[in-house]
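End of the sequence shown = 372 in the working numbering, gap-free, step of one.
Positions of the beta carbon are idealized from the N, C-alpha and C atoms, including for glycine.
Structure record follows, encoded as structure tokens.
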Amino acid sequence: MGVALSAVLAGPAWGAEGGGKAPPDPTPGGPERPYEPDVAGPRNVDFLRVGVTGDGGDGVRVAFDRTSRAEPAGPPAAPRRFVFLFDESLRFHPDDFPVCARSTIEQGGTAACPESSQVGRGTSHLYPEGTADVYAFNTRHANGLRGALVVIPASGTILELTWEKVTKPYRDRGYRWALDEIVPPTPVPPQQRVGTRRFELTWGATHGPASFATLTGTKHGKLRFGLWSEFVTGQVVLPETTSGITNRARAL
121 MGVALSAVLA GPAWGAEGGG KAPPDPTPGG PERPYEPDVA GPRNVDFLRV GVTGDGGDGV
181 RVAFDRTSRA EPAGPPAAPR RFVFLFDESL RFHPDDFPVC ARSTIEQGGT AACPESSQVG
241 RGTSHLYPEG TADVYAFNTR HANGLRGALV VIPASGTILE LTWEKVTKPY RDRGYRWALD
301 EIVPPTPVPP QQRVGTRRFE LTWGATHGPA SFATLTGTKH GKLRFGLWSE FVTGQVVLPE
361 TTSGITNRAR AL
């Protein structure tokens, strides 16, 4: 498991190291978030850790662990979007898993989802304290796109994510697939919304002989991951990291 910022890894320097140029949108063709003007707020400083483990079958699980703090102090600014960036050697198999519709969760909660439709699990660490369980379900959205639903039952939150291929600057950086998550506006004014101080989410599952995430090829050293993030202040960051694979007996 490792932790790094974009300046440390190979590839073009973005952010402060790139002369102030923000990391470009890795999935501009995905669904658009309703427009909100930028608001004044703190600068978020984000870090990312990722761990990759075998799933007990032929695939792997990928654990994202993002931490965030505000400068100079106080709660982190709230997010608009997160884009989970996966190493180019990873392949995903949503067609091999049942799906759970948003309407199913809205009407019956996560327990109403079909067995084996859950493809992720995690924890949201609230500011200034407290935690909430997080679940991710395989889905096909009303527009026909493949994706996932990230659900936080304690707050009644359901976030929609879509599978997208990344643009060339990110392919050149070593990525291929991304999960694009939109955090929609709420009645709470954006400057009053509070971001999380930490967010953990592990992607991966098995369904019979199928694995949700698998690796291509036979040689795997360090895999690369990123979490492109946009906040209500207009700030965009891209923490990145690399990870080896543990418990990999059947993952190759």
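Where residue i sits in the DSSP three-state scheme
{"i": "G228", "result": "helix"}
{"i": "G138", "result": "Its pLDDT being 44, under 50, G138 is placed unreliably in this model, and the value from its coordinates should be taken loosely. Correct three-state label for G138: helix."}
{"i": "V123", "result": "Unreliable positioning characterises V123 in this predicted model, as indicated by a pLDDT of 38, which lies under 50. The coordinate reading is nonetheless provided below. Looking at V123 - three-state DSSP - the assignment turns out to be strand."}
{"i": "K288", "result": "helix"}
{"i": "V357", "result": "strand"}
{"i": "S275", "result": "helix"}
{"i": "P310", "result": "helix"}
{"i": "S237", "result": "coil"}
{"i": "R293", "result": "coil"}
{"i": "D145", "result": "coil"}
6 Å CB neighbourhood of residue i in its chain, flanking five on each side removed
{"i": "A274", "result": "A252"}
{"i": "T366", "result": "T173"}
{"i": "V270", "result": "A256 and L279"}
{"i": "H261", "result": "G267"}
{"i": "D142", "result": "Note on identity: in this sequence residue 142 is Ala, with Asp being the wrong assignment. Here the set comprises V356."}
{"i": "E350", "result": "R200, R201 and V356"}
Cβ pair residue i, residue j closer than 8 Å
{"i": "L210", "j": "L347", "result": "no"}
{"i": "L343", "j": "F184", "result": "no"}
{"i": "R201", "j": "I302", "result": "yes"}
{"i": "A197", "j": "Q312", "result": "no"}
{"i": "V352", "j": "E156", "result": "yes"}
{"i": "V182", "j": "F217", "result": "no"}
{"i": "R318", "j": "H245", "result": "yes"}
{"i": "T147", "j": "V203", "result": "yes"}
{"i": "A298", "j": "V286", "result": "yes"}
{"i": "A190", "j": "P151", "result": "no"}
{"i": "I199", "j": "C220", "result": "Residue identity differs from the one stated: residue 199 is Pro in this sequence, not Ile. Taking 8 Å as the Cβ cut-off, P199 and C220 do not qualify as a contacting pair."}
{"i": "T326", "j": "G171", "result": "no"}
{"i": "G194", "j": "E284", "result": "no"}
{"i": "Y247", "j": "T316", "result": "yes"}
{"i": "P144", "j": "P289", "result": "yes"}
{"i": "G324", "j": "D175", "result": "yes"}
Cβ shell of residue i (< 7 Å), same chain only, five flanking positions each side left out
{"i": "L265", "result": "T282"}
{"i": "V159", "result": "P310, Q311, V352 and T353"}
Residue i - containing beta strand (DSSP E), residue span
{"i": "A208", "result": "Checking the displayed sequence, the identity of residue 208 turns out to be Glu instead of Ala. Element bounds for E208: n/a, residue is neither H nor E."}
{"i": "L394", "result": "Since the displayed the chain opens at 121 and closes at 372, residue 394 lies outside it and no answer follows."}
{"i": "R153", "result": "First-last for R153: undefined, no H or E at that position."}
{"i": "F319", "result": "R318 to W323"}
{"i": "A198", "result": "Note, A198: premise wrong, no beta strand (DSSP E); not H, not E."}
{"i": "T173", "result": "R163 to G174"}
{"i": "V182", "result": "V180 to E191"}
{"i": "G346", "result": "L343 to F351"}
{"i": "L335", "result": "A333 to L335"}
Residue-level contact to chain D via CB, residue i, 8 Å cutoff
{"i": "L205", "result": "Among the chains in the structure shown there is no chain D, since it carries only a single protein chain."}
Sequence-distant residues of its chain with Cβ nearer than 8 Å to residue i (five each side left out)
{"i": "I225", "result": "A232, C233, F257, L269, V271 and I278"}
- Message: With a threshold of 8 Å, are at least 3 pairs of Cβ atoms found where one atom belongs to the stretch 251-265 and the other to the stretch 301-313?
- Response: no
- Are three or more beta carbon pairs between the stretch 321-330 and the stretch 213-232 nearer than 8 Å? yes
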